[in-house]
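Numbering follows the working numbering, in which position 225 of the sequence shown is assigned residue number 225; successive positions increment by one, without gaps.
Glycine included, C-beta positions come from ideal geometry on N, C-alpha and C.
Down below is the structure, laid out as structure tokens.
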Amino acid sequence: MRLSELVAASESVAATRARLKKRDLLAELLLKAGPDERRPVVAWLSGELVGGKLGVGWAELSRLDVLAADVETLTVADVEAVLSDIAASAGRGSTIRRRELLIALFMRSTQAEQGFLRRLMVGELRQGGLDGVMMEAVAYAAKLEPDRFRRAVMLAGDLPKVAALALSEGVAALDRVRATVFTPIQAMLASPSEGLGEAIVELGGEGSSTVLLDWKLDGARVQVHREGDEVRVYTRALQEVTTSVPEIVEVARSLPARNFILDGETIALRPDGRPRPFQETQSRFARRLEVEAARATVPLSVFFFDLLLVDDELWLDHPLAQRRARLDALLPVAHRVPSLECNSQGPAQAFLDDAVGRGHEGVMVKSLSAPYLAGSRGRAWQKVKRVHTLDLVVLAAEWGSGRRRGWLSNLHLGARDAEGGFVMLGKTFKGMTDEILKRQTEELLAREVSRDDHVVHVRPELVVEIAFDGVQASSQYAGGLALRFARVVRYRGDKPVEEADTIDAVRAIFVHDRVLAVKTGDA
């Protein structure tokens with residue numbers, strides 16, 4: 001299959017908003033792909049690379065001054081071979097070797113192919129054909145029951161691999177997919193809640209069925225696998241980090257079971273039990289050398305909240321109440337996420353207040369009757385967190401892709417500084433309705449002062465209310481701070497730029513979050 005066919009399909013998928021049309025376009029392409037091409041085709045059109053990240057960024061790609069080819073000659077196999085060589089480049093001379101490979105590849109690529117490859121390599125291929133639609137397309141092309149195929153993908157944790165098998169062998173391939181230790185399973189995800197009371201009513205019913213509340217820790221999701229004395233630890237993205245987290249390995253080995261798969265959270269805590277800044281927890285995942293020294297400085301704790309497999313028995317389809325009972329029998333209290341079963345808002349609010357008072361994000365509200373829906377972001381788990389808002393100024397915006405093509409989408413957000421300028425705090429494309437996208441595109445283009453590549457710089461005249469989960473230290477921005485999980489609430493047409501929030505207000509939130517226990521003398 002020629003790369004140009006895949007690029008054309010990607011563009012067609014991006015150009016339509018109809019989900020069934022997207023599915024049909026993807027399925028048609030998959031049926032054209034040869035057996036050895038199906039895995040990269042599925043991966044690329046899901047916005048991923050078969051071998052993971054290449055370590056190539058926009059800066060490096062933008063420096064490639066290569067004329068596009070006039071003739072379409074590249075095949076999917078050609079490109080996959082080059083990407084594999086780039087991923088394998090390491091050691092002395094690897095930077096030069098990688099650049100040579102990129103130049104050679106781009107010299108053979110047409111302009112459309114170059115654009116596709118750039119977006120793919122840096123993880124910016126947003127076309128509305130990502131995992132959900134792709135799973136539907138594979139099931140449709142292979143004539144499989146969608147839920148059955150989706151479950152196989154979740155158990156295997158590898159959409160391109162399972163898709164390639166299904167397209168070649170049909171339902172027989174799905175029959176061979178089993179949950180096994182050391183094959184990470186895609187995590188069950190939570191949806192935002194409208195509020196604590198609303199979550200209790202939706203999942204249990206006020207004064208009726210009981211729900212489960214867990215502390216929502218500001219840590220990192222981990223999935224821990226054990227078989228005998230061997231333990232492996234995976235991140236939410238299913239990347240193995242075992243060597244970086246010896247504390248978790250030790251806890252796993254201490255548990256009384258032959259084998260298991262546990263779902264939990266790891267977090268760096270201060271001696272008083274309060275959480276350290278999130279970046280300190282995250283930094284441990286990247287540590288490959290001098291791990292013991294890092295452990296002495298930033299020790300990790302681990303708390304589990306779900307059980308997927310134990311002693312060769314799969315627990316995914318059991319209701320949460322049964323999974324938690326089995327988990328409680330396996331784990332000491334010290335390694336369970338603090339939880340509460342209740343059916344009314346009074347005790348739930350006290351539990352939430354206690355969690356927040358101890359420096360944590362909030363609580364998770366969970367249905368006790370729900371199975372573990374691997375890879376799904378449903379309503380059976382809902383998160384209730386403390387929320388900050390700021391009125392910030394739009395400094396620039398990036399053109400959207402996929403269903404947002406033609407609209408300015410990703411906003412660059414700034415706070416006022418003492419000199420009358422603005423300090424950038426990050427970007428967001430979340431929380432925007434079609435109406436917001438349309439209106440902000442019109443308003444921002446009317447204020448355009450310059451543009452470079454896909455970024456439109458504007459006069460700082462629009463104020464937007466932004467909700468976010470916290471402020472973190474960041475070396476990426478001049479002010480040294482960035483917002484976590486920022487999303488648009490509304491534009492503040494009633495507020496002039498002079499009344500937008502200042503960088504000092506942002507610093508105050510940062511300090512407050514870090515010393516939330518000031519009431520108890522915890523400075």
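Quiz prompt | Which listed residue (Gly57, Leu327 and Phe485) has its alpha carbon closest to that of Ala257 | solution = Leu327
Self-check item: Reference Arg108, options Ile96, Leu67, Ala87 and Asp147, closest by Cα
Solution: Leu67
Self-check item: Cβ neighbour criterion (16 or more within 10 Å) applied to Leu20
Solution: exposed
Quiz item: Expressed to the nearest angstrom, what Euclidean distance is found between the alpha-carbon atoms of Ala59 and Asp453?
Solution: 12 Å
Exercise. Would you tell me roughly how many angstroms separate the C-alpha atoms of Ile503 and Ala415, rounded to the nearest one?
Key: 5 Å
Quiz item: Could you give the residue range of the alpha helix (DSSP H) that holds Trp44?
Solution: Arg38 to Leu45
Quiz item: Taking the alpha-carbon positions, what's the Ala43 to His412 distance?
Solution: 30 Å
Quiz item: For the stretch 57 to 128, which segments carrying the alpha helix (DSSP H) assignment without a break, of at least 4 residues, lie completely within its bounds, in sequence order?
Solution: 58 to 62, 76 to 88, 94 to 107 and 111 to 121
Self-check item: Beta-carbon proximity list for Ala380, same chain, < 6 Å, skipping 5 on both sides
Solution: Ser367 and Ala370
Quiz item: Ordered along the chain, which non-local residues of its own chain (more than five positions away) have a Cβ less than 6 Å from that of Val310?
Solution: Ala257 and Phe260
Quiz item: Among residues of its own chain, excluding the 5 on either side of Asp85, which ones have a beta-carbon nearer than 6 Å to its beta-carbon?
Solution: Leu101
Practice problem: Could you check what DSSP says for Asp424 in three-state terms: helix, strand or coil? | Solution: Note that residue 424 is Met in the sequence shown, not Asp. Met424: strand per DSSP, three-state reduction.
Practice problem: Measuring alpha carbon to alpha carbon, tell me which of Arg38, Glu247, Leu308 and Val458 ends up nearest Ala142. | Solution: Arg38
Quiz item: Cα separation between Ala517 and Gly359?
Solution: Low confidence applies to Ala517: its pLDDT is 33, below 50, so where it sits in the model is not reliable enough to give any reading.
Exercise. Identify whether Met135 lies in helix, strand or coil by the three-state DSSP scheme.
Key: helix
Quiz item: Ordered along the chain, which non-local residues of its own chain (more than five positions away) have a Cβ less than 6 Å from that of Gln111?
Solution: Ala68
Quiz item: With a Cβ-Cβ cutoff of 8 Å, do Val245 and Arg284 count as a contact?
Solution: yes
Quiz prompt | Own chain residues within Cβ distance below 6 Å of Phe182, not counting five before or after | solution = His225 and Arg232
Quiz item: In this structure, what does DSSP give as the bridge partners for Gln382?
Solution: Ser191 and Val365
Quiz item: According to the Cβ coordinates, are Gly425 and Glu443 closer than 8 Å?
Solution: The displayed chain sequence assigns Leu, not Gly, to residue 425. Cβ distance not < 8 Å, so Leu425 and Glu443 don't count as in contact.
Self-check item: Alpha carbon of Val50 to alpha carbon of Pro160, nearest angstrom
Solution: 8 Å
Exercise. Below 8 Å on the Cβ atoms is my guess for Leu54 versus Ile103; work out the distance and round it to an integer in Å.
Key: With a Cβ gap of about 15 Å, Leu54 and Ile103 do not count as contacting.
Practice problem: Pull up the distance between the alpha-carbon of Met1 and that of Val133, whole angstroms please. | Solution: 21 Å
Quiz prompt | Other residues of its chain near Lys519: CB distance less than 7 Å, five sequence neighbours each side excluded | solution = The predicted model places Lys519 with a pLDDT of 41, which falls under 50 and marks its position as unreliable; any figure quoted below should be read in that light. Nothing listed; no residue qualifies.
Quiz item: What's the C-alpha gap between Gln114 and Phe106?
Solution: 6 Å
Self-check item: For Arg323, the first and last residue of its enclosing alpha helix (DSSP H)
Solution: Leu320 to Leu330
Quiz item: Quick one: is the Cβ of Thr235 within less than 7 Å of any heavy atom of the ligand FAD?
Solution: Absence of the ligand FAD from the depicted structure is noted, as is the absence of any ligand whatsoever, leaving it without description.
Practice problem: Look at the alpha carbon of Ser191 and the alpha carbon of Lys438, and state the distance between them as a whole number of angstroms. | Solution: 26 Å
Quiz item: If we ignore side chains and look at the alpha-carbon of each, how far apart do Asp434 and Ala15 end up?
Solution: 15 Å
Self-check item: Arg123 versus Gly479, Gly47 and Trp315, residue with shortest Cα-Cα distance
Solution: What sits at residue 123 in the sequence shown is Gly, not Arg. If we check each option's Cα against that of Gly123, Gly47 comes out closest.
Quiz item: Going by beta carbon distance, what residues of the same chain come within less than 6 Å of Asp24, once the five residues before and after it are set aside?
Solution: none
Quiz item: Between Gly479, Ala500, Gly431 and Glu498, which lies nearest to Val489 when the distance is taken from Cα to Cα?
Solution: Gly431
Quiz item: Do His457 and Ala396 have their C-beta atoms within less than 8 Å of each other?
Solution: yes
Exercise. Decide if Arg17 is buried, meaning its Cβ has at least 16 other Cβ atoms within 10 Å, or exposed.
Key: exposed
Quiz item: Can you tell me where the beta strand (DSSP E) with Val449 in it begins and where it stops?
Solution: Glu448 to Asp452
Quiz item: When DSSP labels each residue in this structure, what does Val456 get in the three-state scheme?
Solution: strand
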